[in-house]
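Visitor:
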Amino acid sequence: MRDGEEQAVIGLWEACGLTRPWNEPRRDLDFARGKASSEILVATKDDRVIATVMAGHDGHRGTIYYLAVDPAEQGKGLGRRATEAAESWLKSRGVWKVNLLVRSENAKVLGFYQSLGYEPNDVVSLGRWLDRDG
Numbered sequence: 005m006r007d008g009e010e011q012a013v014i015g016l017w018e019a020c021g022l023t024r025p026w027n028e029p030r031r032d033l034d035f036a037r038g039k040a041s042s043e044i045l046v047a048t049k050d051d052r053v054i055a056t057v058m059a060g061h062d063g064h065r066g067t068i069y070y071l072a073v074d075p076a077e078q079g080k081g082l083g084r085r086a087t088e089a090a091e092s093w094l095k096s097r098g099v100w101k102v103n104l105l106v107r108s109e110n111a112k113v114l115g116f117y118q119s120l121g122y123e124p125n126d127v128v129s130l131g132r133w134l135d136r137d138g
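Using my numbering, read the sequence shown as starting at 5 and increasing by one per residue.
(1) Taking a contact to mean a Cβ-Cβ separation below 7 Å, would you say Val106 touches Val113 in this structure?
(2) At 4 residues or longer, what runs of the alpha helix (DSSP H) sit wholly inside the segment 38-113?
(3) For the alpha helix (DSSP H) that Leu134 lies in, which residues bound it at each end?
(4) Determine the contact status of Glu77 and Ala59, defining contact as a CB-CB distance below 7 Å.
(5) Closer than 8 Å is the cut-off here; do at least three beta carbon pairs connect the segment 49-56 with the segment 66-83?
(6) To which residues does DSSP link Asn27 through a beta bridge?
(7) Identify the continuous alpha helix (DSSP H) that holds Glu2 and give its terminal residues.
(8) DSSP three-state label for Tyr122, please.
(9) Helix, strand or coil: which one does DSSP assign to Asp32?
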């Protein structure tokens, strides 16, 4: 991701329904960008942000977040290529497994990831806020 693309990236996340009221997207972007263990990868077309993916790892497992493709560009393989780019970024850092979270009601996205070889893990995801207000 380049400087100056922040608003376009957040706008794409919003257009794709990835943002939630309890997660400030600018905070997520700033926290992940350009760190040794995380990065935001961006695809552009005619200087317009058309796809993003956030990749990160904890030294053991990788995670993919914020995979977004401009609705006008969907169905052209960008989601697959963004996923592959995130996986490549993680592999280059020695990460051997990647996880991601998909809302259970999002059948379209579940089907997309299953077509790429992702399968449900037999786990329950738990969470707890450490600092809800940041």
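Every residue gets a Cβ at the ideal spot worked out from N, C-alpha and C, and that includes glycine.
A quick note: this is a predicted structure, and the numbers were derived from the prediction, not measured.
Guide: Here's the rundown:
(1) yes
(2) 82-95
(3) It is not in any alpha helix (DSSP H) - Leu134 carries neither H nor E in the DSSP assignment.
(4) no
(5) yes
(6) Arg24
(7) This structure does not reach residue 2, given that the chain is present from 5 up to 138, and the question cannot be answered.
(8) coil
(9) helix
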